[in-house]
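Q: For the sequence shown, the residue numbers in our numbering are 22 to 282. Below you will find the structure I want to go over with you.
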Amino acid sequence: TGNQWGYGKDDGPSAWNINYPVADGDRQSPIDILPHQARHDPNLGPIVLNYDRCTSINIANNGHSVVVEFEDSDDRSVIQGGPLDNPYRLKQFHFHWGGKGCHGSEHTVEGNSYASELHLVHWNAVKFKTFGEAASAPDGLAVLGIFLETGDEHRWLHMITDSLYTVKFKGSVTDFKGFNPKCLLPSSLHYWTYLGSLTTPPLHESVIWIVVKEPMIVSEKQLGKFRTLVFTGEEEDERTRMENNFRPPQLLKGRTVRSSN
Ligand SMILES: NCCOCCOCCNC(=O)c1ccc(S(N)(=O)=O)cc1
Ligand SMILES: [Zn+2]
Numbered sequence: 022t023g024n025q026w027g028y029g030k031d032d033g034p035s036a037w038n039i040n041y042p043v044a045d046g047d048r049q050s051p052i053d054i055l056p057h058q059a060r061h062d063p064n065l066g067p068i069v070l071n072y073d074r075c076t077s078i079n080i081a082n083n084g085h086s087v088v089v090e091f092e093d094s095d096d097r098s099v100i101q102g103g104p105l106d107n108p109y110r111l112k113q114f115h116f117h118w119g120g121k122g123c124h125g126s127e128h129t130v131e132g133n134s135y136a137s138e139l140h141l142v143h144w145n146a147v148k149f150k151t152f153g154e155a156a157s158a159p160d161g162l163a164v165l166g167i168f169l170e171t172g173d174e175h176r177w178l179h180m181i182t183d184s185l186y187t188v189k190f191k192g193s194v195t196d197f198k199g200f201n202p203k204c205l206l207p208s209s210l211h212y213w214t215y216l217g218s219l220t221t222p223p224l225h226e227s228v229i230w231i232v233v234k235e236p237m238i239v240s241e242k243q244l245g246k247f248r249t250l251v252f253t254g255e256e257e258d259e260r261t262r263m264e265n266n267f268r269p270p271q272l273l274k275g276r277t278v279r280s281s282n
């Protein structure tokens with residue numbers, strides 16, 4: 022059916038504009054960030070994360086990435102400040118990554134990729150009634166992007182990587198309670214921000230992007246566990262390893278990237 026998209030040769034990012042013409046739009050993501058061309062904006066305050074009462078629900082393989090969903094029926098876990106006019110509710114987080122030794126981040130910095138990128142997805146529940154409605158509105162979503170760089174083992178990422186075997190196949194979901202993603206964040210939340218889109222179909226131009234400058238450090242072994250997932254369902258005969266699930270940088274088309282400091 023028309024909604025089948027992926028990261029392969031025939032269904033990958035270069036073909037998405039066939040079913041999703043907005044792929045060639047004016048505020049597409051990700052982008053290549055050029056720090057020296059980013060405008061330092063002294064009015065940009067710090068990002069404030071209130072995740073202390075967040076409620077994680079499950080971890081799932083949706084055939085494109087591994088996603089941890091949160092309870093978002095109230096303002097128990099929100100991001101605010103920075104470029105945001107309202108608090109935005111945490112809905113889910115997921116990752117994008119490469120193949121062994123290759124890079125897999127979506128945003129790049131001066132043409133350089135990181136090994137992976139974590140996206141914490143939030144929606145504007147002040148202005149919109151549902152996530153779906155917010156996901157189609159120009160100021161509906163705020164996604165916090167964190168780069169992952171390989172090095173020492175990350176002390177908390179094992180809580181996720183130890184669960185990945187339970188969601189190997191597309192469509193698998195398992196309970197994942199009591200996880201607070203604040204443990205994944207680097208020490209500094211200095212960031213770049215710009216107006217962009219979802220980086221996967223439907224590619225809605227509804228995202229205020231907040232890309233944190235400092236990467237989180239994870240081990241190659243921890244990253245390798247993400248590659249034990251497969252894009253395909255348990256019933257399918259071919260097993261296609263889940264890796265390189267990233268969209269390459271898109272044209273800036275005159276947008277300004279601002280820097281917190
Ligand atoms: N059809 C009604 C609901 O429409 C919502 C559209 O999006 C639904 C699924 N996609 C997402 O929620 C979604 C969320 C974040 C990102 S990303 N990689 O830009 O952070 C990409 C995609
Ligand atoms: Zn993403």
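Idealized CB from N, CA, C, for every residue including glycine.
#1: Once the 5 residues before and after D53 are set aside, which same chain residues still bring their CB inside 7 Å of it?
#2: Alpha carbon to alpha carbon, what distance is there between G153 and F91?
#3: Given a cut-off of 9 Å on the beta-carbon distance, is the pair A81 and V164 in contact?
#4: Note down the Cα distance separating K121 from G245, rounded to an integer number of angstroms.
#5: In three-state DSSP terms, what is Q101?
#6: For the segment 109-182, list the beta strand (DSSP E) runs that are entirely contained and at least 3 residues long, ordered along the chain.
#7: Tell me which residues pass a beta-carbon proximity test against ligand 2: closer than 6 Å to any heavy atom, given in chain order.
#8: For T277, which option in R268, W230, S240 and T249 has the closest C-alpha, if you only look at C-alpha atoms?
#9: Is L178 near S126, with beta carbons less than 9 Å apart?
#10: Using a 10 Å radius around the Cβ and a threshold of 16 neighbouring Cβ atoms, would you call E257 buried or exposed?
#11: Contact check, I238 vs H175 under 8 Å by CB: the rounded distance?
#12: In whole angstroms, what separates the C-alpha of A59 from that of T214?
#13: Spatial neighbours of G172 within its chain, please: C-beta separation below 6 Å, excluding the five flanking residues on both sides.
#14: With G199 as the anchor, note down where its alpha helix (DSSP H) starts and where it stops.
#15: Under 9 Å, do S227 and S157 count as touching if we go by C-beta distance?
#16: Assign I52 to one of three DSSP states: helix, strand, or coil.
#17: Can you give the Cα-Cα distance for L185 and N107, rounded to whole angstroms?
#18: What first and last residue would you give for the alpha helix (DSSP H) that runs through N40?
#19: Under a three-way DSSP split, which group does G217 fall into?
#20: Assuming I167 contacts L111 (C-beta within less than 8 Å), just tell me the rounded distance between them.
#21: Within 8 Å: the Cβ of Q101 and any heavy atom of ligand 1?
A: In short:
#1: T129, G132 and P270
#2: 15 Å
#3: no
#4: 7 Å
#5: strand
#6: 109-118, 137-144 and 162-171
#7: H115, H117, H140 and T220
#8: W230
#9: no
#10: exposed
#11: 6 Å
#12: 9 Å
#13: I238
#14: It is not in any alpha helix (DSSP H) - G199 carries neither H nor E in the DSSP assignment.
#15: yes
#16: coil
#17: 34 Å
#18: W37 to N40
#19: strand
#20: 14 Å between Cβ atoms; not a contact.
#21: no
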